[in-house]
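Using the working numbering, you'd call the opening residue of the sequence shown number 5 and step up by one each time.
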Amino acid sequence: MQKIIFLDIDGVLNSNFWNENHQRELSDGTLIDEDKVYLLSQIITRTKASIVLHSGWRFWFDKNIQPLRKESQRLVEILKRNHIFISDITPDFSTEEIRMAKKFSLVKANEILAWLHEHPEVEKWIVIDDLCLHNDKIEKHQLKTNQILGLTQGDVALAIDMLH
Numbered sequence: 005m006q007k008i009i010f011l012d013i014d015g016v017l018n019s020n021f022w023n024e025n026h027q028r029e030l031s032d033g034t035l036i037d038e039d040k041v042y043l044l045s046q047i048i049t050r051t052k053a054s055i056v057l058h059s060g061w062r063f064w065f066d067k068n069i070q071p072l073r074k075e076s077q078r079l080v081e082i083l084k085r086n087h088i089f090i091s092d093i094t095p096d097f098s099t100e101e102i103r104m105a106k107k108f109s110l111v112k113a114n115e116i117l118a119w120l121h122e123h124p125e126v127e128k129w130i131v132i133d134d135l136c137l138h139n140d141k142i143e144k145h146q147l148k149t150n151q152i153l154g155l156t157q158g159d160v161a162l163a164i165d166m167l168h
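So, in C-alpha cells, the structure goes:
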C-alpha cells in the first residue's frame, strides 16, 4: 500500500516562534528546525509514507528533485540525516499574479489533486500544511499545523492515525 505525505515547509518544519527570532534566516530559506524534522521522521518510520513536496520550496529543485539553491541543499541534508527523502514534487499551477501575491494556497489543493490523479496507486495520503487550502476533499486529509508552533508531537500521533 502506497502512502504519501504532501509536505509544506514553512509553518511545519519551522514556525513563527522561529520566525520572530530568526527573521533573516527564515526569509532567505536557511532556517529549518531540526526538532521538527525529527518529528516528521517519526511519522515516516511508523507509516512508511513517502514525501511529496508541495511547499513553495519545491521551486528550489529541478525536475529530478536535485537542489538548485543553497537553501534546498541544506533542507535535503537535514532531511537525509533523519532518513527522509523527497520522492516527488507537485505540479505548479501558480500564475504570475499568485506568485507576486504569495497566495499559493489558492492553487495547492488543485496541484495535490492533479498529482494524485496521475498516481492512482496511492491508497492513503495526508497533507501537512499550516494554511487553509480551500478544498473540502483536501481538508478531510489535512493535518493543519499551528504556524506559531510548527509540527508537534500531537500532530505526529494524528498523522500516524490518519495514515493507518
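In this text, a Cβ means the ideal position worked out from N, Cα and C, and glycines have one as well. Just so it is clear, the structure is predicted and the values come from calculations on it, not from any experiment.
For W119, the uninterrupted alpha helix (DSSP H) segment begins and ends at 109-122. The C-alpha of V16 lies about 9 Å from the C-alpha of D37.
Sixteen is the threshold: since fewer than 16 other Cβ atoms of the shown chains lie within 10 Å of the Cβ of G158, the residue is exposed. The closest CA to that of S76, considering only K40, F108, L35, P124, is found on L35.
A Cβ-Cβ distance of about 7 Å is found for the pair S59 and L11, placing them in contact under the 8 Å criterion.
Residue environment: S91 is assigned as exposed (fewer than 16 neighbouring CB atoms within 10 Å of its CB, all protein chains considered).
Per the coordinates, the alpha-carbon of P71 lies some 10 Å from the alpha-carbon of E81. Looking at K74, D134, R62, H87, the one whose alpha-carbon comes closest to that of S45 is H87.
Excluding five sequence positions before and after K67, none of the CB atoms of its chain fall closer than 7 Å to its own CB. When secondary structure is reduced to three states using DSSP, V160 falls in the helix class.
Using a Cβ distance threshold of 8 Å, S109 and L137 count as a contacting pair. For the 8 Å CB-CB criterion, I132 and L147 form a contact. A distance below 8 Å separates the beta carbons of I142 and I116. Per the coordinates, the alpha-carbon of E125 lies some 7 Å from the alpha-carbon of Q6.
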